[in-house]
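Quick notes on the structure that follows.
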Amino acid sequence: MTSTQTGPSRIGQATIAEFAGGLRGTAVLPGDDDYDRERSIWNAAHDRRPAVIVRCAGVADVMRTVDFARSEGVPLAVRGGGHSIPGFSTVDDGIVLDLSLMKGIRVDPDTRRVTAEAGCLWKDLDAETQQFGLAVTGGLVSSTGIAGLTTGGGIGWLLRKYGLTCDNLVGADVVTAEGQFVHASAEENAELFWGLRGGGGNFGVVTSFEYQLHEVGPTVYCGLVFYPADQAEQVLRGYREASAQAPDELTTLFNMTTAPPVPFLPESAHGKPIIAVVGCWSGDADAGEAATAAFRSLGTVVADIFDARPYVAWQQVLDPLLPRGLHNYFRSAFLRTADDAALQSLLDSYARVPNALSELHLYRLGGAVSRVAADATAFAQRDQEYLVEVIARTPTAEGFGEVVQWARGVTSALGPDAAMYVNFTGDGDASNVVAAYPPDTYRRLVALKNEYDPTNLFRLNQNIPPAA
Ligand SMILES: Cc1cc2nc3c(=O)[nH]c(=O)nc-3n(C[C@H](O)[C@H](O)[C@H](O)COP(=O)(O)OP(=O)(O)OC[C@H]3O[C@@H](n4cnc5c(N)ncnc54)[C@H](O)[C@@H]3O)c2cc1C
Numbered sequence: 001m002t003s004t005q006t007g008p009s010r011i012g013q014a015t016i017a018e019f020a021g022g023l024r025g026t027a028v029l030p031g032d033d034d035y036d037r038e039r040s041i042w043n044a045a046h047d048r049r050p051a052v053i054v055r056c057a058g059v060a061d062v063m064r065t066v067d068f069a070r071s072e073g074v075p076l077a078v079r080g081g082g083h084s085i086p087g088f089s090t091v092d093d094g095i096v097l098d099l100s101l102m103k104g105i106r107v108d109p110d111t112r113r114v115t116a117e118a119g120c121l122w123k124d125l126d127a128e129t130q131q132f133g134l135a136v137t138g139g140l141v142s143s144t145g146i147a148g149l150t151t152g153g154g155i156g157w158l159l160r161k162y163g164l165t166c167d168n169l170v171g172a173d174v175v176t177a178e179g180q181f182v183h184a185s186a187e188e189n190a191e192l193f194w195g196l197r198g199g200g201g202n203f204g205v206v207t208s209f210e211y212q213l214h215e216v217g218p219t220v221y222c223g224l225v226f227y228p229a230d231q232a233e234q235v236l237r238g239y240r241e242a243s244a245q246a247p248d249e250l251t252t253l254f255n256m257t258t259a260p261p262v263p264f265l266p267e268s269a270h271g272k273p274i275i276a277v278v279g280c281w282s283g284d285a286d287a288g289e290a291a292t293a294a295f296r297s298l299g300t301v302v303a304d305i306f307d308a309r310p311y312v313a314w315q316q317v318l319d320p321l322l323p324r325g326l327h328n329y330f331r332s333a334f335l336r337t338a339d340d341a342a343l344q345s346l347l348d349s350y351a352r353v354p355n356a357l358s359e360l361h362l363y364r365l366g367g368a369v370s371r372v373a374a375d376a377t378a379f380a381q382r383d384q385e386y387l388v389e390v391i392a393r394t395p396t397a398e399g400f401g402e403v404v405q406w407a408r409g410v411t412s413a414l415g416p417d418a419a420m421y422v423n424f425t426g427d428g429d430a431s432n433v434v435a436a437y438p439p440d441t442y443r444r445l446v447a448l449k450n451e452y453d454p455t456n457l458f459r460l461n462q463n464i465p466p467a468a
């Protein structure tokens, strides 16, 4: 558990009280009944004690909170859905700007666009958009916030057909470090709009997002197929071949994990290593069985639970497997191509997995993601065919260091040059961030940071420090 708790608060109580009195939302303070609930985030590895948690009710509260943090000179953590893996959305003795009360959503079925406030989770957005048979690429776990996921890129089940979440962003309202309210789109503040799509929370607090939607579902053909762990090499090679042929409507991932005690898996498999291939076909559901067949015959099938399901239900299927309250560390590496050496490295790494909670995912990218120009958004890793995600977890702090070391070893074994995905990392150090972006992209991000946040007020993020 990383807590850097300091002594008495550096903001005076009278100052906080005066500030809180002007809010439309609420300020939660140490000693309040809901303080422990409101200070906790998804990743229990980061247990911090903010001086104040500001539960903003609207843009005015956001502007006032940004001004307050700047004038008091205290650290500011911005929280959308609270799923930051390195714990950026909480802070010791600083201010948490919490957007979770801001959940307004408006779908315009004519333009097929949705405007959503920054406190929405994917389950909120999916529920509203699916009412109209529409969707935008969203996270694989429905309790994740739209804000952090979108500003970092956005991997989800529709990515090969409709691109990353950030590729579907058409506009955003932003409160800058100076407390100014601006709109960013292709027409207005276009460079800021570029940076918001992959540059994370470095440039301001987004108060609402506008996305382009697409016709999806309401039924999609999706599911998981399980294979024995001792067939991992055969299944992984087969997965590489099948995914190279897959149409854009099909997004998949390969998963080395431990079999959960679920009724559709034989009891003899529970608690033992197993391979899962997970996928979602977003085309006509009737064509899904044939479209996914190649992925469902890669070895001896232990269980096949592919089926036609409501898209909203599918978006929530993995939620129980990633509960809040554990100690988590993620690591990631893009792979331009998955050669035999890379596949072998992943197999060897998983053979050393230290516990049953830790696992390894290989996402097949491509499709619409690769058709966006590398300089069109700050997310510039467009020619990467795969993304490796390592999830390392323990129930408590005990043994956490060991799983972190394992996860680091998985990506370093893939070679020193592999870039990470900013949303899938448990680390928060600047050297990783530099390596996450191509050099030209990083230089452009620094120039944008110089313009919008020269004092680095927004530094609790995958930070792009302004040039000295
Ligand atoms: C269980 C789980 C599942 C995940 N699944 C996926 C997935 O399928 N696809 C994927 O791409 N990623 C996924 N992620 C990673 C996820 O995208 C990042 O952790 C993301 O930062 C979470 O966003 P949040 O709003 O919930 O987080 P928060 O902790 O609230 O915020 C994280 C950071 O985002 C920035 N931020 C938040 N709100 C704003 C705002 N309004 N304006 C500007 N910046 C802001 C800040 O820098 C903040 O520190 C997952 C993470 C978890 C824990």
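Counted the way the numbering used here counts, the sequence shown spans residues 1 to 468.
Positions of the beta carbon are idealized from the N, C-alpha and C atoms, including for glycine.
Quick one: is the Cβ of GLY201 within less than 6 Å of any heavy atom of ligand 1?
Translated into positions along the sequence shown, residue 201 becomes position 201. Yes.
Anyone know if the C-beta pair for LEU335 and ALA342 falls short of 7 Å?
Looking up residue 335 in the sequence shown gives position 335. Looking up residue 342 in the sequence shown gives position 342. Result yes, Cβ atoms of LEU335 and ALA342 sit closer than 7 Å.
In the DSSP assignment, the alpha helix (DSSP H) including SER349 goes from what residue to what residue?
Working through the sequence shown from its first residue, we reach residue 349 at position 349. Note, SER349: alpha helix (DSSP H), 340 to 351.
Which of the three DSSP states is assigned to THR144 in this structure?
The residue labelled residue 144 in the question sits at position 144 within the sequence shown. Note: THR144 maps to coil in three-state DSSP.
Can you tell me where the beta strand (DSSP E) holding SER268 begins and where it ends?
Here residue 268 corresponds to residue number 268 of the sequence shown, with the count starting at 1. No beta strand (DSSP E) holds SER268; DSSP gives it neither H nor E.
Hey, quick one: how far does the beta strand (DSSP E) through PRO310 stretch, first residue to last?
Taking the first residue of the sequence shown as position 1, residue 310 is located at position 310. Where PRO310 is concerned, the enclosing beta strand (DSSP E) stretches over 307 to 310.
Taking just the CA atoms, how far does THR258 sit from GLY288?
Against the sequence shown, residue 288 aligns to sequence position 288. Against the sequence shown, residue 258 aligns to sequence position 258. Each residue's alpha carbon lies about 27 Å from the other.
Contained alpha helix (DSSP H) runs [length at least 4] in the segment 422 to 447, N- to C-terminal order:
430 to 436
Could you say which of GLY73, LYS123, HIS46, GLY409 lies nearest to GLY469 if we only look at CA atoms?
The displayed coordinates of the chain run from 1 to 468. Any statement about residue 469 would go beyond what the structure contains.
Check the DSSP bridge columns for MET256 and list the partner residues they point to.
Start at 1 with the first residue of the sequence shown, and residue 256 comes out as number 256. Beta-bridge pairing links MET256 to ILE275, LEU360.
Measure the alpha-carbon distance for GLY199 versus HIS83 and round it to whole angstroms.
Residue 199 sits at position 199 when you count from the first residue of the sequence shown. Residue 83 sits at position 83 when you count from the first residue of the sequence shown. One C-alpha to the other measures close to 17 Å.
For ASN463 and ALA435, which I take to be in contact (beta-carbon distance under 8 Å), what is that distance rounded to the nearest angstrom?
As a first step, residue 463 is located in the sequence shown; it is residue number 463 there, counting from the start. As a first step, residue 435 is located in the sequence shown; it is residue number 435 there, counting from the start. Not a contact, Cβ separation roughly 13 Å.
Give the DSSP bridge partners of PHE181, in chain order.
The sequence position of residue 181 within the sequence shown is 181, counting from 1. Note: PHE181 sits in a beta bridge opposite VAL175.
Out of PHE203, ASP47, ARG382, point me to the one whose CA is closest to TYR35's CA.
As a first step, residue 35 is located in the sequence shown; it is residue number 35 there, counting from the start. If we check each option's Cα against that of TYR35, ASP47 comes out closest.
How many whole angstroms separate the CB atoms of ARG24 and ALA57, which I take to be in contact at a CB cut-off of 8 Å?
Residue mapping note: residue 24 aligns to position 24 of the sequence shown, counting from 1. Residue mapping note: residue 57 aligns to position 57 of the sequence shown, counting from 1. Contact holds; Cβ gap of about 4 Å.
Could you check if THR151 belongs to the surroundings of ligand 1, using beta carbon to heavy atom distance under 6 Å?
For this step, residue 151 is matched to residue 151 along the sequence shown. THR151 Cβ: within cutoff of ligand 1.
Please classify HIS270: is it buried, with 16 or more other beta-carbons within 10 angstroms of its beta-carbon, or exposed?
Residue mapping note: residue 270 aligns to position 270 of the sequence shown, counting from 1. The residue in question, HIS270, is exposed, as its Cβ has fewer than 16 Cβ neighbours within 10 Å.
Can you check whether the C-beta of VAL301 is within less than 7 Å of a C-beta belonging to chain D?
Here there is only one protein chain, and chain D is not present.
Using only alpha-carbon positions, find the residue among GLU249, ALA303, ASP453 that is nearest to PRO263.
Residue numbering aside, residue 263 sits at position 263 when the sequence shown is read from its first letter. The option with the nearest alpha carbon to PRO263 is ALA303.
Quick check: what's the CA-CA separation for ALA172 versus PRO266?
As a first step, residue 172 must be located in the sequence shown, where it is residue number 172. As a first step, residue 266 must be located in the sequence shown, where it is residue number 266. Roughly 48 Å between the two C-alpha positions.
Give the straight-line distance between the Cα atoms of ALA276 and ALA468, rounded to the nearest whole angstrom.
For this step, residue 276 is matched to residue 276 along the sequence shown. For this step, residue 468 is matched to residue 468 along the sequence shown. Taking the straight line joining both Cα atoms gives about 48 Å.
Closer than 6 Å: PHE19 CB and nearest ligand 1 heavy atom:
Reading the sequence shown from its first residue, position 19 is the one you call residue 19. PHE19 Cβ: outside cutoff for every heavy atom of ligand 1.
Taking just the CA atoms, how far does LEU140 sit from GLN245?
Along the sequence shown, one-based indexing puts residue 245 at 245. Along the sequence shown, one-based indexing puts residue 140 at 140. Distance between the alpha carbons of GLN245 and LEU140: 23 Å.
Looking at C-alpha atoms only, which residue of ALA229, SER345, LEU253, GLN231 is the closest neighbour of ARG240?
By one-based count along the sequence shown, residue 240 stands at place 240. The option with the nearest alpha carbon to ARG240 is LEU253.
Chain-order list of residues whose beta-carbon lies under 8 Å from that of ASP67 (same chain, five-residue window excluded):
Translated into positions along the sequence shown, residue 67 becomes position 67. Around ASP67: GLY179.
Report the three-state DSSP secondary structure of THR6 (helix, strand or coil).
As a working note, residue 6 is residue 6 in the sequence shown. Any reading at THR6 needs caution, since the residue's pLDDT is 43, under 50, leaving its predicted position unreliable; the model's value is listed next. It is coil, neither helix nor strand.
For CYS280, the nearest candidate out of GLY87, LEU250, PRO260, ARG309 (CA to CA):
For the purposes of this step, residue 280 is taken as residue 280 along the sequence shown, with counting starting at 1. If we check each option's Cα against that of CYS280, LEU250 comes out closest.
Mind checking GLN344: buried by the 16 CB within 10 Å criterion, or exposed?
By 1-based counting over the sequence shown, the position of residue 344 is 344. Its Cβ having fewer than 16 others within 10 Å, GLN344 is exposed.
GLU117: first and last residue of the uninterrupted beta strand (DSSP E) it sits in:
Within the sequence shown, residue 117 is the residue found at index 117, counting from 1. 113 to 117 is the span of the beta strand (DSSP E), which, as asked, contains GLU117.
Between which two residues does the alpha helix (DSSP H) containing ASP108 stretch?
As a first step, residue 108 must be located in the sequence shown, where it is residue number 108. Segment 105 to 108 is the beta strand (DSSP E) holding ASP108; no alpha helix (DSSP H) there.
Determine the DSSP secondary structure at VAL216, reduced to helix, strand or coil.
Against the sequence shown, residue 216 aligns to sequence position 216. Looking at VAL216 - three-state DSSP - the assignment turns out to be coil, as it is neither helix nor strand.
Check whether the Cβ of THR144 sits closer than 6 Å to any heavy atom of ligand 1, and report yes or no.
Along the sequence shown, one-based indexing puts residue 144 at 144. Result yes, Cβ under 6 Å from ligand 1.
What does the Cβ neighbour count give for PRO86, buried or exposed, with the cut at 16 atoms within 10 Å?
Residue 86 sits at position 86 when you count from the first residue of the sequence shown. With 16 or more other Cβ atoms within 10 Å, it is buried.
Contact test: HIS83 Cβ vs ligand 1 heavy atom, cutoff 6 Å:
Taking the sequence shown and counting its residues from 1, one reaches residue 83 at position 83. Indeed, a heavy atom of ligand 1 lies less than 6 Å from the Cβ.
Sorry if obvious, but does the Cβ on ILE11 come closer than 6 Å to a heavy atom of ligand 1?
Translated into positions along the sequence shown, residue 11 becomes position 11. No - ligand 1 has no heavy atom lying nearer than 6 Å to the Cβ of ILE11.
Let me check you understand the geometry: is the CB of TRP471 closer than 6 Å to at least one non-hydrogen atom of ligand 1?
No answer is possible for residue 471: it lies beyond the span of the chain, which begins at 1 and ends at 468.
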